[in-house]
Amino acid sequence: MEFIKINTPRLHIRNLKLSDLQDFYVYRSNPDVTKYQGFDVLTLDQCKAFIQQEYPKQYGKPGQWVQYAIEEVANNKLIGDCAIRLYEHEPRIATIGITISHLEQQKGFAKEAMLGILSFLFNEKQLHRVEEIIDVENKASIALIESLGFRKEAHFIENIFFKGSWGSEYQYAMLKTEWDKRN
Numbered sequence: 012m013e014f015i016k017i018n019t020p021r022l023h024i025r026n027l028k029l030s031d032l033q034d035f036y037v038y039r040s041n042p043d044v045t046k047y048q049g050f051d052v053l054t055l056d057q058c059k060a061f062i063q064q065e066y067p068k069q070y071g072k073p074g075q076w077v078q079y080a081i082e083e084v085a086n087n088k089l090i091g092d093c094a095i096r097l098y099e100h101e102p103r104i105a106t107i108g109i110t111i112s113h114l115e116q117q118k119g120f121a122k123e124a125m126l127g128i129l130s131f132l133f134n135e136k137q138l139h140r141v142e143e144i145i146d147v148e149n150k151a152s153i154a155l156i157e158s159l160g161f162r163k164e165a166h167f168i169e170n171i172f173f174k175g176s177w178g179s180e181y182q183y184a185m186l187k188t189e190w191d192k193r194n
């Protein structure tokens, strides 16, 4: 297991730390940002507890979600976070997710972060497959994941009771062979 550091031209992806608290709270307390996420808006205390819980986690423990900070290099500011979970019984397969602050969307950060994560998982860790589950109404995330070359594999109809009602989701995936062809 290890602490990861993924660097792209404009971003550092690293473990969350308490100095991220205020920036983390700004977007994790925004209902527009959490609308399609598996979590709801968080209070400042909940954000602090979450960061304290996540900070010591390391990449590589099958079955465990690990949340990482996405930091803008130009100003060392937290602009979002991402998560990676290796399958418990097959650690060559991962599920990923990403959240970008409402103050930083439409700047290409999500795509850059995702490319960095995919490069890390496929090129450095030699994973076989990466998956993403997206709410069918989350058009921005669907456009992003499709622009990266993910394939839609499934459409789950009302498969999740989510924030008071039944929701539907798409499952997307990419194989290492597809990543290699893309690059």
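For the sequence shown, the positions run 12 to 194 when the working numbering is used.
Ideal placement from N, C-alpha and C gives every residue a C-beta, glycine not left out.
As the structure is a prediction and not an experimental result, all values here were calculated from the model.
With fewer than 16 other Cβ atoms inside 10 Å of its own Cβ, residue 168 counts as exposed. Beta-bridge annotation (DSSP): residue 149 is not paired with any residue. The shortest C-alpha to C-alpha distance from residue 27 to any of 41, 77, 71, 51 is the one to 77. Sequence-distant Cβ neighbours of residue 22 in its own chain, meaning closer than 7 Å and more than five residues away, are 81, 82, 83, 84, 120, 123, 124, 127.
In this structure, DSSP gives residue 91 an extended state, which the three-state scheme calls strand. By the neighbour-count definition (other C-beta atoms within 10 Å, threshold 16), residue 190 is a buried residue.
A contact between stretches requires three or more CB pairs, one per stretch, nearer than 8 Å, and the segment 99-112 meets this requirement with the segment 131-145. Nearest to residue 79 by C-alpha distance, out of 113, 55, 13, is 13. The alpha helix (DSSP H) runs lying completely inside the segment 85-130 and spanning 4 residues or more are 120-130, given in chain order.
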